[in-house]
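Using full-length UniProt numbering, the first residue of the sequence shown is number 1, and each one after it goes up by one. Working notes for the structure below.
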Amino acid sequence: MRGKLLPLAGLYLVQGLPYGLQSGLLPVLLRARGLSLTRVGLAKALYAPWLFKLVWAPLVDTWGSPRAWLALSTAALGLVCGLLATLPPAGDAGAALPVPVAALLLLLNLAAAVQDVALDMLAVRLLEPAELGPGNTVQVVAYKLGAALAGGGLLALLPALSWTLLFLLLAATYWLAASAAWVAPALQQLPAPPPSAHPRPSLRLQQDLLAVPGTLWTAGFVLTYKLGEQGASGLFPLLLLDGGISTPELGLWNGVGAVLCSIAGSSLGGVLLARCWQPLPLLRSGLRFRLGSLAYQTALLFQLNSPRANPVPGTVLRGAALLSLCLQHLLGGLVTTTTFTVMMRCSQLAPSALQATHYSLLATLELLGKLLVGTLAGALADSLGPRLCFSLFLALSATPMLYLGFAPSNLA
1 MRGKLLPLAG
11 LYLVQGLPYG
21 LQSGLLPVLL
31 RARGLSLTRV
41 GLAKALYAPW
51 LFKLVWAPLV
61 DTWGSPRAWL
71 ALSTAALGLV
81 CGLLATLPPA
91 GDAGAALPVP
101 VAALLLLLNL
111 AAAVQDVALD
121 MLAVRLLEPA
131 ELGPGNTVQV
141 VAYKLGAALA
151 GGGLLALLPA
161 LSWTLLFLLL
171 AATYWLAASA
181 AWVAPALQQL
191 PAPPPSAHPR
201 PSLRLQQDLL
211 AVPGTLWTAG
221 FVLTYKLGEQ
231 GASGLFPLLL
241 LDGGISTPEL
251 GLWNGVGAVL
261 CSIAGSSLGG
271 VLLARCWQPL
281 PLLRSGLRFR
291 LGSLAYQTAL
301 LFQLNSPRAN
311 PVPGTVLRGA
321 ALLSLCLQHL
331 LGGLVTTTTF
341 TVMMRCSQLA
351 PSALQATHYS
361 LLATLELLGK
371 LLVGTLAGAL
381 ADSLGPRLCF
391 SLFLALSATP
401 MLYLGFAPSN
411 LA
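Written out as structure tokens, the structure is:
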């Protein structure tokens with residue numbers, strides 16, 4: 001199993017770099033330059049290529065080899081980073097992200113989304129049922145570690161290193177990973193699809209995907225389970241920035257500390273799954289604790305947003321707010337790892353020629369649910385106010401707990 005997990009870990013780590021760059025670094029930089037919460041939130045539209053993974057997933061399923069797809073897409077990530085190193089990161093204060101930079105970030109997401117499909121195909125075909133818990137732990141932990149390095153790590157290093165040097169380092173990392181993907185023994189041993197396999201017509205493909213047992217329930221769950229958490233986790237750090245917490249301090253706690261807690265939560269989920277916890281009961285417990293954590297964070301927000309509150313939070317309130325970030329990410333990591341295990345278990349019920357496409361469908365819906373509220377969170381806060389906005393997030397976080405009661409028995 002170790003020979004399977006090590007290459008997966010390395011490739012998922014480099015795949016997390018674009019997400020950390022855009023979720024941890026860019027929002028803080030844009031907000032610090034005076035952009036509204038609405039405009040900062042709309043920058044998440046650069047994740048759009050991830051929503052169209054089903055366009056190329058059938059091709060990855062049936063054409064070429066996994067290591068060819070992985071090597072080419074990872075090398076493309078390095079090329080885009082090399083081009084980003086030649087462009088200035090920002091224009092005048094208050095201005096939106098420069099169009100060439102935004103276009104290259106869009107291409108970065110496109111290459112990362114293709115790489116994700118190939119990696120998912122590898123994981124679904126390589127991992128045995130007993131290896132799903134450790135495998136998904138490696139997947140989530142490595143991805144989040146990459147996000148932490150590119151988010152909080154870059155935010156902390158940005159004063160010392162230039163934009164150009166940072167992206168040259170990222171380009172070198174991607175090209176090294178592309179070489180590793182090409183020579184990894186686990187990828188060379190994976191059988192290619194039979195020559196007779198060709199992508200199905202679109203309508204037939206959709207019917208085949210939806211006919212896999214448990215697909216409709218799993219699709220509904222992954223679309224909704226992150227709504228409240230994602231909105232709160234994207235908005236709360238920006239409100240702390242508005243409340244007087246410095247950018248370096250926020251970068252340390254939200255970009256590094258919180259992600260390390262998320263990794264710890266994902267690891268805890270993997271340990272519990274490996275010790276014979278079933279995914280659905282573990283999900284139920286994790287969702288309950290997560291709801292309590294978000295209620296705690298909402299109460300803190302009410303205090304920070306009070307008209308009588310001190311413009312600069314005191315030590316106790318500041319510490320409680322930063323602690324709530326870490327707690328929310330810890331429980332979010334546990335819930336995410338368990339959910340991905342359910343997703344992979346559902347995809348393994350599909351025919352082998354459809355497994356990567358099926359998993360891409362579920363992963364696309366999971367991302368769509370996160371982007372839906374994450375993109376609109378700033379606009380909701382600007383229009384409704386932070387208090388009513390977080391009350392809505394709290395209600396959304398309670399929804400998957402009710403939905404879990406309708407889970408099919410074949411996913412238990």
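C-beta atoms are modelled at their ideal positions from N, C-alpha and C, and glycine is treated no differently.
Simplified DSSP assignment, three categories, for residue i
i    : result
P27  : helix
Y225 : coil
T86  : coil
G214 : coil
Q297 : helix
A350 : coil
S324 : helix
W63  : coil
Q278 : coil
S391 : helix
S73  : helix
S36  : coil
Nearest-angstrom Cα separation, counted from residue j out to residue i
i           : j    : result
S324        : L282 : 22 Å
P386        : P18  : 28 Å
residue 433 : K144 : Because the chain in this structure spans residues 1 to 412, residue 433 falls outside the shown range and cannot be described.
A274        : P7   : 20 Å
L411        : L126 : 20 Å
L107        : M344 : 27 Å
Q355        : V117 : 11 Å
S383        : L317 : 26 Å
Q182        : A71  : As written in the sequence, residue 182 is Trp, which differs from the Gln given in the question. Going by the C-alpha atoms only, they are around 6 Å apart.
K226        : W56  : 25 Å
A398        : A172 : 43 Å
residue 415 : A68  : This structure does not reach residue 415, given that the chain is present from 1 up to 412, and the question cannot be answered.
G369        : L168 : 33 Å
F289        : T86  : 46 Å
V212        : L349 : 7 Å
L402        : L165 : 48 Å
L362        : L209 : 10 Å
8 Å contact criterion, which residue i and residue j should meet: CB distance rounded
i    : j    : result
A147 : G16  : 4 Å
P58  : T364 : That belief does not hold up - the Cβ atoms of P58 and T364 are roughly 13 Å apart, past 8 Å.
P81  : T215 : The sequence given here has Cys at residue 81, not Pro. Not a contact, Cβ separation roughly 36 Å.
S285 : T337 : That pair is no contact at about 13 Å.
P279 : T341 : 5 Å
T137 : G332 : Contact doesn't hold; Cβ gap of about 14 Å is too wide.
V101 : L84  : 7 Å
Q297 : A232 : 6 Å
L238 : V40  : 7 Å
A177 : V14  : 4 Å
Start and end residues, alpha helix (DSSP H) containing residue i
i    : result
F406 : First-last for F406: undefined, no H or E at that position.
C261 : A258 to A274
G369 : Q355 to L384
S179 : W163 to V183
P100 : V99 to L126
Notebook entry, point to check: Do the stretch 389 to 408 and the stretch 216 to 223 touch if we need at least three Cβ pairs shorter than 8 Å?
Noted result: Output reads yes: the stretch 216 to 223 touches the stretch 389 to 408.
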